[in-house]
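Colleague: Residue numbers (the numbering used here): -11 to 285.
I am attaching a structure below and will ask some questions about it afterwards.
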Amino acid sequence: MTREELVNLERLMNYISWHFLRKKEWKDVSKTEWAHVAGEFNALLDKQRKQRKLSVAPLTFGDNYFYEHLIIKKLKPWKNRTAAAAISSPNFSRLNTIANALGYTNYIDFINTATEGFPFHELKINIPLAPVNHKLLEHLVGYWYCYNRNLPMRDQDEGDRIWRSSLEIYRSGDEYLVERTGRDNHMYYGKITSFANYLFIIMNSTTFIRQRHFVGRLKDVEDKMKRPGFQVNELSFISTCVSFTEEPIALYEIFDRVQHARDFEKVSIDLPFDSPLLPKHIMTHLRDVRENRIMEH
């Protein structure tokens, strides 16, 4: 292998470590955890096979593939100063399969577009209206789908569509972080905080600078959270950003909690108005364009 190939392989393994285990580097992942990752990949591949209605089963990974073939035989020798030229190349069809399962067209697409990590530290969000509502933030940890209205071009009403993107809220140290998908493997990353019953999200993109802000309020949530079994299943936000034409945009967006993690797809898709994948309560909100949009763009 060349040094560049090993650097790219390390990026892939670090990406997988963060994607599945929220660990920053492959060095932090144990052999047992890599076996778990292999199982996750096999589940993803089986899901893709069923969605594409393929009769031939896709390539699967053994429990020790990641740890033994990529860590022990490739990355560890390289980090122990073994010459790159003395390390054999991995099976690139398997690397393509891995990248495809992660949502990329192939391994080269991953190399060209994936980021090493999100610079969360660059995001500042501090609105000292009241003490941070840690209880509410912990309550919001989990998987969500986000819905916003994608208006068609003029005179193309038949093209009305809803954009659904997947979003995860999770805790990292004392902070609560947000990751959200977009079109073409585009990713947003952000921070969320809460003061009293208000929620604030600041979000950015790794592809272009178009910072977004979300502001929402959960009425009477402090009293409701005291009730046994209560759960926040829907969040409503006013989302603001600057458009490509440098005009400010404000949209009404809805976060809908995914009740079962097994049903969560970390992808962004366009849904037509009559899609069975569009929940009725979401549709009720989004059909009222004038009520839910602050300004046209």
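Using N, Cα and C, we set each Cβ at its ideal position, and we do this for glycine too.
Could you have a look at residue -4 and say whether DSSP puts it in helix, strand or coil?
Modeller: Looking at residue -4 - three-state DSSP - the assignment turns out to be helix.
Colleague: Roughly how many whole angstroms lie between the Cα atoms of residue 42 and residue 48?
Modeller: Distance between the alpha carbons of residue 42 and residue 48: 14 Å.
Colleague: Can you tell me which of the three DSSP states residue 28 falls into?
Modeller: Reduced to three states, the DSSP call for residue 28 is helix.
Colleague: Do the CB positions of residue 63 and residue -6 come within less than 9 Å of each other?
Modeller: Going by C-beta atoms, residue 63 is nearer than 9 Å to residue -6.
Colleague: Check each candidate in 228, 227 and 209 and name the one with the smallest Cα separation from residue 220.
Modeller: It is 209.
Colleague: State yes or no: is the beta carbon of residue 3 nearer than 9 Å to at least one beta carbon in chain D?
Modeller: Note that chain D does not occur in the displayed structure, where there is just one protein chain.
Colleague: Taking the alpha carbon of residue 226 as the point to measure from, which residue in 214, 212, 217 and 206 has its own alpha carbon closest?
Modeller: Taking only the C-alpha atoms, the option nearest residue 226 is 206.
Colleague: At the level of alpha carbons, what is the spacing between residue 152 and residue 71?
Modeller: Spanning the two alpha carbons is a distance of roughly 46 Å.
Colleague: Keeping to the same chain, check which residues put their C-beta closer than 6 Å to that of residue 125; ignore five residues upstream and five downstream.
Modeller: Result list for residue 125: 164 and 182, in chain order.
Colleague: So which of 184, 265, 28 and 40 has the shortest CA-CA distance to residue 53?
Modeller: Checked all of 184, 265, 28 and 40; the closest Cα to residue 53 is 28.
Colleague: Enumerate in chain order the residues of its own chain whose CB-to-CB distance from residue 223 is below 6 Å, with the five nearest sequence positions on each side excluded.
Modeller: If we look at residue 223 and ignore the five residues flanking it on each side, its Cβ neighbours are 204 and 243.
Colleague: Starting from the C-beta of residue 324, find all residues in its chain whose C-beta is less than 7 Å away, skip the five residues before and the five after it, and write them out in chain order.
Modeller: Past the edges of the chain, shown from -11 to 285, lies residue 324, and the structure says nothing about it.
Colleague: Quick one: residues in its chain with C-beta nearer than 7 Å to the C-beta of residue 17, no 5 flanking neighbours on either side, listed in chain order?
Modeller: Here the set comprises 5, 9 and 11.
Colleague: Label residue 1 either buried or exposed according to how many other C-beta atoms from any shown protein chain fall within 10 Å of its C-beta, with 16 as the threshold for buried.
Modeller: Label assigned to residue 1: buried.
Colleague: Helix, strand or coil for residue 68? Go by DSSP, reduced to three states.
Modeller: Residue state, collapsed to three classes: coil.
Colleague: If we count the other Cβ atoms within 10 Å of its Cβ and call it buried at 16 or more, is residue -9 buried or exposed?
Modeller: It counts as exposed.
Colleague: If you run the structure through DSSP and keep just helix, strand and coil, what is residue 12?
Modeller: Reduced to three states, the DSSP call for residue 12 is coil.
Colleague: Considering just the uninterrupted stretch of the beta strand (DSSP E) at residue 202, what are its terminal residues?
Modeller: That run of the beta strand (DSSP E) goes 200 to 205.
Colleague: Could you tell me the alpha carbon to alpha carbon distance between residue 50 and residue -2, rounded to whole angstroms?
Modeller: So the two alpha carbons sit approximately 20 Å from each other.
Colleague: Whose CA, out of 200, 264 and 250, lies closest to the CA of residue 31?
Modeller: Answer by Cα proximity: 250.
Colleague: Let me know if residue 13 comes out buried or exposed under the rule of 16 or more other beta-carbons within 10 Å of its beta-carbon.
Modeller: Classification for residue 13: exposed.
Colleague: CA-CA distance, residue 216 and residue 92?
Modeller: Roughly 42 Å between the two C-alpha positions.
Colleague: What would DSSP say about residue 179, mapped onto helix, strand or coil?
Modeller: In the structure shown, residue 179 sits in a strand (DSSP, three-state: E or B).
Colleague: Go ahead and label residue 155 buried or exposed: buried means 16 or more other beta carbons lie within 10 angstroms of its beta carbon, across all protein chains shown.
Modeller: Result: buried.
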